[in-house]
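Residue numbers (this note's numbering): 24 to 104. No residue lacks a Cβ here, since even glycine has one placed at the ideal position from N, Cα and C. Note that the structure is a prediction, hence the values are computed from the model and not measured. The structure appears right after this line, and notes come after that.
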Amino acid sequence: MRVLIADDDPIIRLDLKQMLETLGYSVVAEAEDGQQAVDLAKSSKPDACVLDVKMPVKDGIDAATEIADGGIAPAVLLTAY
Numbered sequence: 024m025r026v027l028i029a030d031d032d033p034i035i036r037l038d039l040k041q042m043l044e045t046l047g048y049s050v051v052a053e054a055e056d057g058q059q060a061v062d063l064a065k066s067s068k069p070d071a072c073v074l075d076v077k078m079p080v081k082d083g084i085d086a087a088t089e090i091a092d093g094g095i096a097p098a099v100l101l102t103a104y
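Structure below.
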C-alpha cells in the first residue's frame, strides 16, 4: 500500500515513516503542512493518507476533506490531544 504522511514535526514524520515501512507499507510522499499534503496527494496518488490534525497553512481536517472529496485517497487523522 502506498501512503502519504503529513506532519509539521519532522521527528514524528520520521518515526511514522519507519513504523509504516517496517509493516510493509511504502511511503510515497511526506508533507510538512496541509496544503503541501493536498498537492502531493494529487501528484503521488497514494492509496491512503495519514495526516496530523494541527498543521500550518492548512490544517489536517481541511486537507483530509479536500483529499477525500477529490476522490484521491481515504485519510486517517492523527492527533496528540
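Excluding the five sequence neighbours on either side, which residues of its own chain have a C-beta within less than 6 Å of the C-beta of residue i, listed in chain order?
i	result
Glu-89	Val-61
Asp-38	none
Gln-58	Val-80, Lys-81
Do you know offhand how far residue i's Cα is from residue j's?
i	j	result
Pro-79	Lys-68	22 Å
Pro-97	Arg-25	12 Å
Val-51	Leu-100	17 Å
Tyr-48	Val-73	12 Å
Asp-32	Gly-94	27 Å
Evaluate residue i with the Cβ neighbour count: other Cβ atoms within 10 Å of its Cβ, from every protein chain shown; 16 or more gives buried, anything less gives exposed.
i	result
Ile-34	exposed
Gly-83	buried
Asp-30	buried
Secondary structure at residue i, three-state DSSP: helix, strand or coil?
i	result
Glu-53	strand
Please go through the same chain and pick out, in chain order, the residues whose beta-carbon is closer than 7 Å to the beta-carbon of residue i, but skip the five residues on each side of it.
i	result
Arg-36	Ile-28, Asp-30, Glu-53
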